[in-house]
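Asks:
Chains as they are written, first to last, in my numbering: chain S, -4 to 516; chain B, 6 to 425.
1) Would the beta-carbon of residue 300/B fall within 7 Å of that of residue 332/B?
2) Taking 7 Å as the cut-off, decide whether the C-beta atoms of residue 204/B and residue 177/B are in contact.
3) Please classify residue 258/S as buried or exposed, where buried requires at least 16 neighbouring CB atoms within 10 angstroms.
4) So, for residue 40/B: in the same chain, excluding its five sequence neighbours on each side, which residues have a beta-carbon less than 7 Å away from its beta-carbon?
5) Three-state secondary structure (DSSP) at residue 310/S?
6) According to DSSP, what are the bridge partners of residue 401/S?
7) Taking only beta carbons into account, state which residues of the region 378 to 395 of chain B come closer than 9 Å to chain S, listed in chain order.
8) Please state the DSSP three-state secondary structure of residue 176/B.
9) Looking at chain B, which residues of the region 374 to 393 of chain S have a Cβ within less than 9 Å of any of its Cβ atoms?
10) My assumption, with CB atoms under 8 Å, is that residue 173/B sits in contact with residue 208/B. Please give the rounded CB distance.
11) Which chain C residues sit within Cβ distance under 8 Å of residue 325/B?
12) Quick one: does residue 349/B have its CB under 7 Å from some CB of chain S?
13) Below 7 Å on C-beta distance, what does residue 52/S contact in chain B?
14) If you measure from the beta carbon of residue 135/B to each beta carbon in chain S, is any gap under 7 Å?
15) From 59/S, 123/S, 421/S and 205/S, pick the residue whose C-alpha is nearest to that of residue 148/S; which is it?
16) Taking the beta strand (DSSP E) that residue 226/B falls in, what are its first and last residues?
17) Assign residue -2/S to one of two classes, buried (16 or more other C-beta atoms within 10 Å of its C-beta) or exposed (fewer than that).
18) According to the neighbour-count rule (16 or more other Cβ atoms, all chains shown, within 10 Å of its Cβ), is residue 128/B buried or exposed?
19) Give me the chain S residues within the contact set of residue 352/B, using Cβ-Cβ distance strictly less than 7 Å, ordered along the chain.
20) Output needed in chain order: residues of the region 288 to 312 of chain B with a Cβ under 8 Å from some Cβ in chain S.
21) By Cβ distance, which residues of its chain are closer than 8 Å to residue 407/S, with the 5 residues on each side in sequence left out?
22) Quickly, what does DSSP pair residue 158/B with across the bridge? List them, please.
23) I'd like the span of the alpha helix (DSSP H) that includes residue 47/S, first residue to last.
24) The alpha helix (DSSP H) spanning residue 345/S covers which residue range?
25) In chain order, which beta strand (DSSP E) runs of at least 3 residues are fully inside the region 441 to 512 of chain S?
26) Residues of the region 80 to 95 of chain S in Cβ contact with chain B at a cutoff of 8 Å, in chain order, please.
27) I'd like to check one pair, residue 384/B with residue 358/S: are the Cβ atoms closer than 7 Å?
28) Output the distance between the C-alpha atoms of residue 114/B and residue 121/B, rounded to the nearest integer angstrom.
29) What does the alpha-carbon distance come out to for the pair residue 3/S and residue 24/S?
30) When Cβ atoms are compared, which residues of the region 296 to 325 of chain S fall closer than 7 Å to chain B?
31) Run the CB neighbour count on residue 494/S, radius 10 Å, all protein chains shown included, and call it buried at 16 or more, exposed below.
32) At 7 Å on the CB atoms, spell out the chain S contacts of residue 375/B, in chain order.
33) Using a C-beta cutoff of 7 Å, does residue 48/S count as contacting chain B?
34) Can you give, in chain order, each stretch of the beta strand (DSSP E) that sits fully within the region 62 to 100 of chain S and has at least 3 residues?
35) Would you identify the three-state DSSP class for residue 64/B, choosing helix, strand or coil?
36) Would you please verify whether the beta carbon of residue 438/S is less than 7 Å from any beta carbon of chain B?
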């Protein structure tokens, strides 16, 4: 059974799994990829958002789903999780991976391409203090970041006060055009004071067309799906992997357990569409996503493991109104982050946030949150939304305090929790943003600052961190788990720290680094 | 191979519904009658006024005998009885079930010849192994049969009689009856039984009132009329009015033996739809759901929606397992302002299942309205229709609307006091 082909197996084909598999293929190493995905993602509509909304008589199909799927999902806090075409991505994740939670919203993807099928495309580089133990291999991390960044195709380069914070301008194309509201804020950025630095958002979105992907045309369809593939998704790299004869891509293989075979290999038990199946591999690179990977590792260890700490970025959203623009019409604009900011919260660390156009999100989404009747709120929102921008703000992961532990039936139980400093940090972020944005002519609308549900940020990380001297449940610098030779963690679970800034690129770079150095014999 | 069902009277009111239901359940239908019938596998000539052909029931797997003479002719009644007995003998010989559609009026001392004839046939064929089904007042679907007569009466007359004492009727939707007949056709174990198929008794004028409301969307006035007086009037004018309005027909309405069908329906595994649904044109509450969509969308957006959008609302709700309009008190559903006030009530933390469901539907209405290009201008400040003045007007409209809703709120709260 243990052919050369099965020397290395990657579990999961999201951003981390594809990065690891592509890095192995660059070295000419054959690789097996086990991916849980079977879901077909509905192709996104073609056209620009404003034009479609004014003319497309079939738009209810992509906005609500043929059977009103979006209406069924009212328990989901984020509009993205309700997009009918993306629903299949999120379905079944918790059940298949046996993940349960208290006070914590579990979101994951079984689809090929993972959560990047529906991400915000934010990218940033972790600096030395943010890398933690990964800083011990910083030269390799830097090389991996460049490789991954060039593969994804970034834009947002700008000489602004976030250039160093993002640290990616060397590989970024120019920033995409802003709409008038963001331009107005941008022109007044010097009024934000010294605690808030604002810059253009750095995003994994193509400005210029290349190979099989087209550059962004500001259609504003980002939320609903980019038919041009300007936004990066690991799903595009999955297609590359599937075409590669050196890759054995097993779609629909849902890995349930890992067992040592006693000869230095691992048995990988998976549920497939044809029933249970067993694979064997010398090296297993775990990239199933932080939660699923953590469960597989804990299940491979003897019972009675202690609870592990899980981090995520506590998150809030808010609405800024620019009275100077009142009466402005809707305009064609980019649907993901146009501006970003870093806000200093003293000893609570640095918060990070983005500003978006309101155009991409249905008005009904705002209407549901307004404290007045819908029929009264509608003319109000129609009047002011095009002079508003939506903001989100993420706080550092060390302000979260979640725990994960194994249950008797090998399911994973997550208990959501907050660091005692969290409420103050939110209050301070709200007050700081509200005060400083007002100086720049943007009013935070009363009641619009809303904390997201715990876990809804989906930035899960740090359960099995890389450490220079790993103890149990930690990884060596090369990604290998302490005490479990042959098992490597290449996804978010291996991050030592979770700052507020976007972490996907760092996870991908780490996967690329580990796969690039993987020693086979 | 699908089974073959023979049906006499297949072109009639109940027959058409039965043919439809049989096809939907995978039966092939052979129509037995004087006239060819569309949409069936085969037609065989048969006439109640003549003996049944010897091979009339060949290769059938079951037979439903619906055909009946309603003219009251004594000569036909005798022949009809012979015809039914012929059929019962043939089906017994072939060992297939025969379902005979009798009448609630069937009784040895029934006021109408129709009721007496049905009773006589029952007596003759039950010992041969046939099943008799006695339906209540059949309603719903196209306006045909007695139901059609009542519909045209209610449509034509602004004032209707409320009979005193009021007779009780037991309505059953024609499609529900078709299901009963189909079930019975597949049940050889029921041989020799007489089954009832009827809804709960309701006063006759209540039925007329419900028909006016649900079927004709109209309000009707009722004047009390002593039943005896009406009978006398009908008897006096019977020459003019003909058999459709004979005093006998009135008698068969007022002197119906009550049916308790609950046990029989349970045995057949059939649940009757509620009367209000049965009287909708669609028979399934679609009309009420469409009406709800209209009010909901108007309530949520302040704009009256197109019929097309209401239809989409109904479709979406049904796809989400919500098959009927919410059972809210009429004082709440009739006015968009009341619904808007309930929206506000819910947003201000009055939590109850009914209000949560209501707001779910209001949200659905809003999302659907937003996805309709015809209403997009209500949601988006579009180029060409923008500007500060437009925005300020919109904000002012919002303030006015919120004030209206708040003024309506106490009344809405009062009317919603019973909601759970």
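Just so you know, even glycine gets a beta-carbon here, dropped at the ideal spot from N, CA and C.
Replies: In brief:
1) no
2) yes
3) exposed
4) 16
5) strand
6) 407/S
7) 378, 379, 381, 382, 383, 384, 385, 386, 387, 388, 389, 390, 391, 392, 393, 394 and 395
8) strand
9) 374, 375, 376, 377, 378, 379, 380, 381 and 382
10) 6 Å
11) Looking at the structure shown, chain C is missing, and the protein chains on hand are S and B.
12) yes
13) 378
14) no
15) 205/S
16) 226 to 231
17) For residue -2/S, the predicted structure reports a pLDDT of 43, less than 50, and the residue's modelled location is therefore unreliable. The matter cannot be settled from this model.
18) exposed
19) 366
20) 304, 305, 306 and 307
21) 92, 93, 94, 95, 286, 289, 290, 293, 399, 400 and 401
22) The partner list for residue 158/B (beta bridge, DSSP) is empty, contrary to what the question assumes.
23) 44 to 50
24) Where residue 345/S is concerned, there is no enclosing alpha helix (DSSP H), although the beta strand (DSSP E) it sits in stretches over 345 to 352.
25) 482 to 484
26) none
27) yes
28) 7 Å
29) 8 Å
30) 321, 322, 323, 324 and 325
31) buried
32) 357, 358 and 359
33) yes
34) 94 to 97
35) coil
36) no
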